[in-house]
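Novice: Heads up: the sequence shown runs through residues 7 to 58, numbered per the working numbering.
Virtual Cβ for every residue (Gly too), placed ideally from N, Cα, C.
A single structure is presented below for examination.
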Amino acid sequence: PLSRAAIAVGADGLMIEVHNDPENALSDGAQSLKPEKFGQLMEEINRIVTIH
Numbered sequence: 007p008l009s010r011a012a013i014a015v016g017a018d019g020l021m022i023e024v025h026n027d028p029e030n031a032l033s034d035g036a037q038s039l040k041p042e043k044f045g046q047l048m049e050e051i052n053r054i055v056t057i058h
């Protein structure tokens with residue numbers, strides 16, 4: 007939700023961690039998205055960007 011809100015209010019970019027197996031990542035696994043979730047998020051963000 008925060009990444010979408012940031013884009014909606016004009017953020018120029020985001021830092022998003024993506025990992026195929028976040029449960030076994032050496033660092034930052036708890037905040038990483040799996041690639042399929044990242045794809046979904048990017049589709050949502052692209053819709054927001056198109057509106058603005």
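Name the two residues that bound the continuous alpha helix (DSSP H) containing N52.
Specialist: Element bounds for N52: P41 to I57.
Novice: Check for me: the alpha helix (DSSP H) holding S9 runs from which residue to which?
Specialist: That run of the alpha helix (DSSP H) goes L8 to A14.
Novice: Using 8 Å as the threshold, is the C-beta distance between V24 and P7 below it?
Specialist: No, the pair does not count as a contact, with Cβ atoms beyond the cut-off.
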